[in-house]
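A short worksheet on the structure shown next.
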Amino acid sequence: MSTEDFYENIRKSTKLNHFANLVTLAAIDGEIKPIEEKLLKRFSKKFDVSEENYEKILDNSASFPVYAINSKTQRLEYLFDLLRIIYVDREMDEAEEFLIIKYAVGLGYSEDQSRSIVNKSKKLFEGNFSFDFYKYFIESED
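All residue numbers for the sequence shown refer to numbering that gives the first Met the number 0, where the first residue is 0 and numbers rise by one.
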């Protein structure tokens with residue numbers, strides 16, 4: 000296996016695991032609502048998840064681990080995706096908040112950073128905005 004193939008396999012695995020994390024968050028309240036399923040379908044295309052893997056993940060999303068990501072921008076983008084799933088119904092309950100903080104830690108943020116990002120995100124996710132705006136806001140000093 001070439002070095003390029005090795006890294007391509009890692010990228011595919013990371014995308015698949017991230018998608019599984021999105022499914023876990025969507026199903027945290029016991030069911031995946033139609034609006035959540037619509038967003039999951041969009042994410043499955045974004046992350047090149049095959050129909051076979053999509054069904055496999057829907058059946059057992061918790062079996063996929065959360066991997067730390069070295070790229071600060073990609074880590075924040077993945078967290079943004081997770082927050083979009085949570086806020087598809089315009090609110091974050093306690094279980095979702097607990098899980099998103101744990102996922103943020105799994106992605107490579109410290110516990111304090113995770114709580115700070117989630118608290119800032121809670122203030123923002125009442126509206127509709129771009130990832131670039133979100134990234135700027137999170138990285139700002141206030």
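Here a beta-carbon is modelled for each residue, glycine too, at the ideal position from N, C-alpha and C. The structure presented is a predicted model; accordingly, all values stated were derived computationally and were not measured.
Residue-level contact to chain C via CB, residue i, 8 Å cutoff
{"i": "Ser113", "result": "Although the question refers to chain C, the structure presented lacks it and comprises just one protein chain."}
8 Å contact criterion, which residue i and residue j should meet: CB distance rounded
{"i": "Asp80", "j": "Phe42", "result": "6 Å"}
{"i": "Phe23", "j": "Ala61", "result": "Per the sequence shown, residue 23 should be read as Thr rather than Phe. Sure, about 6 Å apart at Cβ, within 8 Å."}
{"i": "Leu75", "j": "Ile99", "result": "The pair is not a contact, with the Cβ atoms about 13 Å apart (cut-off 8 Å)."}
Neighbour-count burial assignment, residue i, 16 or more Cβ in a 10 Å radius
{"i": "Glu50", "result": "exposed"}
{"i": "Ile84", "result": "buried"}
{"i": "Glu35", "result": "buried"}
{"i": "Ser113", "result": "buried"}
{"i": "Tyr77", "result": "buried"}
{"i": "Ala94", "result": "exposed"}
{"i": "Tyr135", "result": "exposed"}
{"i": "Phe46", "result": "buried"}
Cβ shell of residue i (< 6 Å), same chain only, five flanking positions each side left out
{"i": "Phe63", "result": "Asn16, Ala19"}
{"i": "Asp28", "result": "none"}
{"i": "Gly126", "result": "none"}
7 Å Cβ shell around residue i - same chain, five flanking residues per side excluded
{"i": "Glu96", "result": "Val117"}
{"i": "Ala25", "result": "Ile31, Glu35, Leu39, Ile84"}
{"i": "Asn52", "result": "Leu15"}
{"i": "Tyr86", "result": "Phe124"}
Proximal residues to residue i (C-beta, below 8 Å), its chain only, five neighbours per side dropped
{"i": "Thr13", "result": "Tyr66, Ile68"}
Checklist line | Inter-stretch contact (C-beta, 8 Å, three-pair minimum) for the stretch 122-129 and the stretch 96-107 | finding: The stretch 122-129 is not in contact with the stretch 96-107.
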